[in-house]
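**Student:** For the sequence shown, our numbering gives the first residue as 9, with consecutive numbering after it. Think of the CB as a built atom: it goes at the ideal place given N, C-alpha and C, for glycine as much as any other residue.
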Amino acid sequence: MSGVIILLLAAVFLTAAISKLRAQDAFRAVLRNLIHERLVNPTALIVPLVELLLAGFLLSGVAPQKVIIAAIALLAIFTVVLAEMWRRGLKGCACFGESVNTATTGSGVVRNIILIAAAVSMLVWPEPVSFFGPDISTFLGRLTVVVGALCFWPCVVAVVNRRKMIFNF
9 MSGVIILLLA
19 AVFLTAAISK
29 LRAQDAFRAV
39 LRNLIHERLV
49 NPTALIVPLV
59 ELLLAGFLLS
69 GVAPQKVIIA
79 AIALLAIFTV
89 VLAEMWRRGL
99 KGCACFGESV
109 NTATTGSGVV
119 RNIILIAAAV
129 SMLVWPEPVS
139 FFGPDISTFL
149 GRLTVVVGAL
159 CFWPCVVAVV
169 NRRKMIFNF
């Protein structure tokens, strides 16, 4: 299970970083609502670079406990920011390339809490981290779970948003 969690965290951070780097203008627009203008450009560059580094460290297997703690800390910071955006009525964090109309900060908070819980479980019940072993089919199974989770989440968010539109709650 730990291999799946590490792969999932790495995939999330990698996807978020690439999305932010590809949609710098959208990410800067979100940042302008949150921080002082002088900090927008450096933050728009630093945040995705930190995410890329964290994804690399997660996949490297170097100091896994410390990297998991760093992942939890970064997810906690992002969750606080998303909660503040939610409180202010702002939508669309541009975290994964979404626009203001396609994502809610509430779904991001829930996603991050689930990821934090998975990462914390690795600290509470540590086990050796293995991506590839004992055979290629095990690796492909882990990879399938991660890809499935990445595809499943937007579907859940879309169903919840659709339900809110239909029932107005």
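1. Does the segment 57-64 come close enough to the segment 16-34 that 3 or more CB-CB pairs lie under 8 angstroms?
2. Along the chain, where does the alpha helix (DSSP H) that runs through K74 open and close?
3. For chain B, check one thing: does any of its Cβ atoms lie closer than 8 angstroms to the Cβ of W133?
4. Within 8 angstroms, do at least three Cβ pairs link the segment 89-106 to the segment 146-155?
5. I need the straight-line Cα distance from I144 to G11, nearest angstrom please.
6. In the structure shown, what three-state DSSP assignment does C159 receive?
7. How many angstroms separate the CA atom of R119 from the CA atom of I14?
8. Nearest-angstrom Cα distance between G149 and P142?
9. Between L184 and the rest of its own chain, which residues show a CB-CB distance below 8 angstroms, the 5 nearest in sequence each way excluded?
10. With a cut-off of 8 angstroms on the beta carbons, I'd call P56 and A25 a contact; round off their distance for me.
11. Closest to T87 by CA distance: which of L39, G116 and L16 is it?
12. Could you check where the alpha helix (DSSP H) with A179 kicks off and where it finishes?
13. I need the DSSP call for I122, collapsed to helix, strand or coil.
14. Three-state secondary structure (DSSP) at L57?
15. Looking at the structure shown, is G100 part of a helix, part of a strand, or coil, going by DSSP?
16. In three-state terms, what does DSSP make of T49?
**Tutor:** The relevant details are as follows:
1. yes
2. P72 to R96
3. This model lacks chain B altogether, as it is built from one protein chain only.
4. no
5. 13 angstroms
6. helix
7. 15 angstroms
8. 12 angstroms
9. Examination of residue 184 is not possible in this model, given that the chain is present from 9 through 177 alone.
10. 4 angstroms
11. G116
12. Residue 179 lies beyond the residue range present for the chain, which begins at 9 and ends at 177; the question has no answer from this structure.
13. helix
14. helix
15. coil
16. The amino acid occupying residue 49 in the given sequence is Asn; Thr does not appear at that position. Three-state result, N49: helix.
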